[in-house]
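Engineer:
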C-alpha cells in the first residue's frame, strides 16, 4: 500500500534518477562528433599527401586511438547506466506488483466491509421487526387492560345492584318490625281471649318453641357464615392492602371499591344488629307469653288464625334467610372476582410497564445501532475513496516512472547501437588505413611508424 506522502519522495527520487541519465546521455551524445568519419578523415588524407607521410600517419593514429578509447569509455558508461536503468525498471515492476497486491487487499477489505454492512443491515431489520412485534404486543396488552377495566366497572355495577337489593331487604326488615309491633298491640288487646285457649295454645307454643329453636339454629348458622364471610373479607382486604401504595390508593377505582366494601360491611353489621334485635324481641315475646299463660285462654278462637299467620311469617322469615344467604354468597363471589380482577389488572399494569421499558430500551439500542451503522458506512466510504485515490496516484506515478524508464532504456539502447555501428566503422577504417599505410611504406621504402609496429 502506498500513501500519498510516501509516493511523492519516491516518485521524485526516481524521476531525478531517470532524468539524470537522460541528461548525461544527452550531454554525452552532444559531445560525440556529428560529422561522418569519412568527412573527418578526408582533410587529413589530403594533408598527409602534402606533408611527410610519417608525421601524417602518426597524428591520425593518435587521434583514432584517443577516439577509440573515448568511445570505449562511453560505451562502458552507457552499459553501466543501462544496467542501472534495468535495475530501476525491475524495482518499479516490483513496486507495481506490490501496488496491485495492495489493491487486491483493499478490494478484499472493501468486500469484508460490505458484508459487515449487510450483516448490520440484517441486524437493524431484525431489531425493527422485534420492535414492531413488541408494539403489537403492547397494543394487545392495552386492549386487554381496557377490557379488564370494563369488566371491573361491570362488577362494580353488579355490586351496586346487590347493595340496592340489601337496602330493599333492610326495608323489608323494617316493615316486618312494624308488623311485629302491630301484632304485639293486637296480642295485648286479645289477652282476655287467650285465657280460654291456653291449653290449645300451649301445644301451639311448643311447636313455636321448636320452630324458635330451629330459627335459633338458623340464626347461629347465619352468624357463623357471617363470621366466616367477615374473616374471608378481612383476608381479602389484607390481600388487597398488600398491593396498595403508601397513599392507600391502587390503580382504577380501588378507593371506590374499598368504600363500597366498607358500606357492605356496615350493611352486614346492621343486618346482624337487626337479627339480634329480632332475637331479643323473640325472647321478650316468649317471656310475655310465659307471663300471660292465664290470659291466652281468651285467644282460643284466634288460635288457628294466629298459628297460620305465624306459620306464613316463619316461611317468609326462612325465605328471607335463604335470600340473605344467596345475596351473601353472591356478594362474596363478586368480591372475590373483583379482587382477582384488581390483581390481574395490577399484573397487567406491571407487564405493560416492563414492556414499555423494553420498547424504550430497544428504541435506544436501535438508534445507537443506526448511528454506528451510519458511522461505519461513512468510514467505509472514506477509507474506500482514500485508498482508491492513493492507488490511482501510486499507479499513475509507477506508470509514469515505468514509461520514463522504458523511454530512457530505448534511448540508451539506440545510442548503444549507434556507438557500436560507429565503432565497427572506425575499426574497419582503421584497418584500411593501416593496410594502405603499410602498402605505401612498402612502395616508397619509408620506415614504419612506431605505433604500427
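In our numbering, the protein residues as written are 608 to 1060.
Glycine is no exception: its CB is placed at the ideal position from the N, C-alpha and C atoms.
Measure the Cβ-Cβ separation of residue 940 and residue 731 and say whether it is below 7 Å.
Structural biologist: Going by C-beta atoms, residue 940 is not nearer than 7 Å to residue 731.
Engineer: Go ahead and label residue 1015 buried or exposed: buried means 16 or more other beta carbons lie within 10 angstroms of its beta carbon, across all protein chains shown.
Structural biologist: buried
Engineer: Is it buried or exposed for residue 688, if we count other Cβ within 10 angstroms and need 16 for buried?
Structural biologist: buried
Engineer: Sort 987, 866, 1008 and 924 by Cα distance to residue 781 and report the nearest one.
Structural biologist: 924
Engineer: Mind checking residue 1040: buried by the 16 CB within 10 Å criterion, or exposed?
Structural biologist: buried
Engineer: How would you label residue 877, buried or exposed, when you count the other beta carbons within 10 angstroms and need 16 or more for buried?
Structural biologist: exposed
Engineer: Quick one, are the C-beta atoms of residue 969 and residue 738 less than 7 Å apart?
Structural biologist: yes
Engineer: Take the Cβ of residue 1012 as the centre, count every other Cβ of all protein chains shown within 10 Å, and call the residue buried at 16 or more, exposed below.
Structural biologist: With 16 or more other Cβ atoms inside 10 Å of its own Cβ, residue 1012 counts as buried.
Engineer: Quick check: what's the CA-CA separation for residue 916 versus residue 943?
Structural biologist: Approximately 40 Å, taken between the alpha carbons.
Engineer: State whether the stretch 745 to 753 contacts the stretch 973 to 987, with contact taken as three or more CB pairs (one from each stretch) at a distance under 8 Å.
Structural biologist: no
Engineer: From residue 682 to residue 990, what distance separates their C-alpha atoms?
Structural biologist: 50 Å
Engineer: Among 938, 832 and 720, whose alpha-carbon lies nearest the alpha-carbon of residue 770?
Structural biologist: Check the Cα spacing between residue 770 and each of 938, 832 and 720: the tightest is with 938.
Engineer: Is the distance from the Cβ of residue 921 to the Cβ of residue 828 below 7 Å?
Structural biologist: A distance of 7 Å or more separates the beta carbons of residue 921 and residue 828.
Engineer: Beta-carbon separation of residue 1002 and residue 702 under 7 Å?
Structural biologist: Against a cut-off of 7 Å, the Cβ pair of residue 702 and residue 1002 comes out as no contact.
Engineer: Using the Cβ count rule (16 or more neighbours within 10 Å means buried), how would you classify residue 1055?
Structural biologist: Unreliable placement is indicated for residue 1055, whose pLDDT of 45 sits below 50; the coordinate value is still reported in the next sentence. By the neighbour-count rule (16 or more Cβ atoms within 10 Å), residue 1055 is not buried but exposed.
Engineer: For residue 985, count neighbouring C-beta atoms within 10 Å of its own C-beta (all shown protein chains included) and say buried if the count is 16 or more, exposed if not.
Structural biologist: The residue is exposed, with fewer than 16 neighbouring Cβ atoms inside 10 Å.
Engineer: Residue 707: buried (16+ other C-beta within 10 angstroms of its C-beta) or exposed?
Structural biologist: With fewer than 16 Cβ atoms within 10 Å of its Cβ, residue 707 is classed as exposed.
Engineer: Distance, Cα to Cα, residue 1044 vs residue 698?
Structural biologist: 52 Å
Engineer: Could you check the C-alpha separation between residue 720 and residue 1019 for me, to the nearest Å?
Structural biologist: Put simply, the backbone Cα of residue 720 is about 48 Å away from that of residue 1019.
Engineer: Taking the alpha carbon of residue 559 as the reference point, which residue from 927, 677, 673 and 671 has its own alpha carbon closest?
Structural biologist: Any question about residue 559 goes unanswered here, given that the chain covers just 608 to 1060.
Engineer: Mind checking residue 767: buried by the 16 CB within 10 Å criterion, or exposed?
Structural biologist: exposed
Engineer: Select from 1010, 998, 1021 and 830 the residue whose C-alpha is nearest the C-alpha of residue 709.
Structural biologist: 998
Engineer: Please go through the same chain and pick out, in chain order, the residues whose beta-carbon is closer than 8 Å to the beta-carbon of residue 693, but skip the five residues on each side of it.
Structural biologist: 1016, listed in sequence order.
Engineer: Below 8 Å on the Cβ atoms is my contact criterion, and I expect residue 833 with residue 886 to pass it. Report the Cβ-Cβ distance as a whole number of Å.
Structural biologist: Their Cβ separation, rounded to whole angstroms, is 14 Å, which puts residue 833 and residue 886 out of contact at 8 Å.
Engineer: Going along the chain, which residues of its own chain have a beta-carbon closer than 6 Å to the beta-carbon of residue 713, five neighbours each way excluded?
Structural biologist: 994
Engineer: How do the stretch 1023 to 1039 and the stretch 751 to 759 stand: do at least 3 beta-carbon pairs fall below 8 Å, yes or no?
Structural biologist: Contact between the stretch 1023 to 1039 and the stretch 751 to 759 is absent, because fewer than three Cβ pairs lie under 8 Å.
Engineer: Leaving out five residues on either side along the sequence, give the residues of the same chain with a beta carbon under 8 Å from the beta carbon of residue 762.
Structural biologist: 941, 944, 945 and 948
Engineer: Do residue 754 and residue 955 have their C-beta atoms closer together than 7 Å?
Structural biologist: In this structure, residue 955 does not lie closer than 7 Å to residue 754 by Cβ.
Engineer: Verify whether the separation of the beta carbon atoms of residue 741 and residue 966 is less than 7 Å.
Structural biologist: yes
Engineer: Buried or exposed: where does residue 679 fall if 16 or more other Cβ atoms within 10 Å of its Cβ makes it buried?
Structural biologist: exposed
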